[in-house]
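What follows is a set of notes on a single structure, which appears directly below.
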Amino acid sequence: MKIATLCGMGFGTSMMLKLAVDDILKEEGITGHEVIPWDLGSFKGQQVDLVVAPTDMERHLKDSETKVVYIKNLVDEEEISEKVLTAIKELEGAQE
Amino acid sequence: MSKEDQGKPIGLLGALKENHLAVGCEASSWEDAVRLAGGILVENGVAEESYIKAMIDTIRDLGPYCVIAPGIAMPHARPEDHVLDTGFSLVTLKDPVDFGSQENDPVDIVIGFAAQDKNRHVQALREIAKLFIDRSFVEDVRSASSTGKLYDIIQSKRTQL
Chain A
74 MKIATLCGMG FGTSMMLKLA VDDILKEEGI TGHEVIPWDL GSFKGQQVDL VVAPTDMERH
134 LKDSETKVVY IKNLVDEEEI SEKVLTAIKE LEGAQE
Chain B
9 MSKEDQGKPI GLLGALKENH LAVGCEASSW EDAVRLAGGI LVENGVAEES YIKAMIDTIR
69 DLGPYCVIAP GIAMPHARPE DHVLDTGFSL VTLKDPVDFG SQENDPVDIV IGFAAQDKNR
129 HVQALREIAK LFIDRSFVED VRSASSTGKL YDIIQSKRTQ L
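One line per chain: the protein sequences are A and B, in this order.
Quick note on numbering: the first sequence equals residues 74 to 169 in my numbering.
Quick note on numbering: the second sequence equals residues 9 to 169 in my numbering.
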């Protein structure tokens, strides 16, 4: 699965999210996913399976056709873990 | 920064020195708060003066998503916005200010940073996430009464990571 973490510039907030998602997947022993930090501008038109973004980015992503998981607290591994793992399971379930 | 250090990953120890800290500052708006954090980067030769405006414009244009956790903002702009080095600053505010964040206002801890490229600051970002996940650490940062004490709090917590 291809997972994009998004922010306005692609190296600060989205990088922080990528590091958290990478750690969570590693802890869970889940492999085979690629997590890429992206900035909003160059992300448009890219094909990914899941988007992870800060809640305050919601207004930029309203029209997204890809599933988006919104994170309120970007240092809260529990929140990120619960939301991202649930979304991955849902998407994998839908593929079967 | 020496030539051979250029491009090497920089940890929090190298990126956030004691003179990159300020405690109990007064800010009457989020713009003021960003100016304080950005001002420290400029004073320490991390970025040029115009970087501060770029930090503020980024929030105006793209929204307050840099408010990463309750009470904590991490304003920054692009590497091409007159960045000279990779570095961080940390400012605590006497009275919190609103950034317009849906979930995480009001803010009284502002972590400014400038990145020369998309890689060199990543190790420091990782350390910040690991430090600020701990609520008692966040409270210790808030209540630090001097930059010396704040620096000690960060360093002692950092060695426990």
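Note that beta-carbon positions come from the ideal geometry of N, C-alpha and C, so glycine has one too.
With DSSP as the reference, identify every bridge partner of residue i, one or two as the case may be.
| i | result |
| --- | --- |
| residue 158 of chain B | Answer is none; residue 158 of chain B lacks a bridge partner. |
| residue 144 of chain B | For residue 144 of chain B, which the question treats as bridged, DSSP gives no partner whatsoever. |
| residue 84 of chain B | B:121 |
| residue 112 of chain A | A:80 |
| residue 141 of chain A | A:124 |
| residue 98 of chain B | B:29, B:119 |
Straight-line CA distance for residue i to residue j?
| i | j | result |
| --- | --- | --- |
| residue 154 of chain A | residue 87 of chain A | 15 Å |
| residue 123 of chain A | residue 141 of chain A | 6 Å |
| residue 94 of chain A | residue 161 of chain B | 27 Å |
| residue 63 of chain B | residue 92 of chain A | 23 Å |
| residue 157 of chain B | residue 143 of chain B | 18 Å |
| residue 23 of chain B | residue 166 of chain A | 43 Å |
| residue 39 of chain B | residue 102 of chain A | 43 Å |
| residue 148 of chain A | residue 137 of chain B | 5 Å |
| residue 35 of chain B | residue 145 of chain B | 23 Å |
| residue 75 of chain A | residue 154 of chain B | 45 Å |
| residue 128 of chain A | residue 134 of chain B | 20 Å |
| residue 130 of chain A | residue 81 of chain B | 15 Å |
| residue 139 of chain B | residue 127 of chain B | 20 Å |
Specify the secondary structure class of residue i as computed by DSSP and reduced to three states.
| i | result |
| --- | --- |
| residue 34 of chain B | coil |
| residue 116 of chain B | strand |
| residue 121 of chain A | coil |
| residue 103 of chain B | strand |
| residue 93 of chain B | coil |
| residue 76 of chain B | strand |
| residue 25 of chain B | coil |
| residue 134 of chain A | coil |
| residue 148 of chain A | coil |
| residue 133 of chain B | helix |
| residue 55 of chain B | strand |
| residue 111 of chain B | coil |
| residue 167 of chain A | helix |
| residue 126 of chain A | strand |
| residue 138 of chain B | helix |
Thinking just about the alpha-carbon of each residue, which of the options is nearest to the one in residue i?
| i | options | result |
| --- | --- | --- |
| residue 88 of chain B | B:99, B:125, B:104, B:132 | B:125 |
| residue 90 of chain B | B:163, B:49, B:21, B:151 | B:49 |
| residue 145 of chain A | B:110, B:122, B:51 | B:110 |
| residue 85 of chain B | B:119, B:99, B:113, B:101 | B:119 |
| residue 132 of chain B | A:132, A:84, A:127 | A:84 |
| residue 156 of chain A | A:137, A:113, A:138, A:90 | A:90 |
| residue 51 of chain B | B:68, B:69, B:33, B:92 | B:92 |
| residue 111 of chain A | A:77, A:150, A:127, A:162 | A:77 |
| residue 102 of chain B | B:21, B:18, B:169, B:37 | B:37 |
| residue 164 of chain A | A:135, A:152, A:106 | A:106 |
| residue 136 of chain A | A:161, A:151, A:113 | A:113 |
| residue 162 of chain A | A:98, A:81, A:150 | A:98 |
I want to check one thing, is the minimum distance from the CB of residue i to the heavy atoms of the ligand PLP below 7 Å?
| i | result |
| --- | --- |
| residue 91 of chain B | In terms of ligand content, the structure shown is empty, and the ligand PLP therefore cannot be addressed. |
Check your understanding: Between the stretch 53–66 of chain B and the stretch 104–118 of chain A, are three or more C-beta pairs nearer than 8 Å?
Key -> Per the Cβ contact rule, the stretch 53–66 of chain B is not in contact with the stretch 104–118 of chain A (fewer than 3 Cβ pairs under 8 Å).
Check your understanding: Is there contact between the stretch 33–47 of chain B and the stretch 143–157 of chain B, where contact requires at least three CB pairs shorter than 8 Å?
Key -> no
Practice item. Scan the stretch 144–168 of chain B for residues whose Cβ lies nearer than 7 Å to a Cβ of chain D and list them as they occur along the chain. Key: Given the protein chain composition of this structure (A and B), no chain D is represented.
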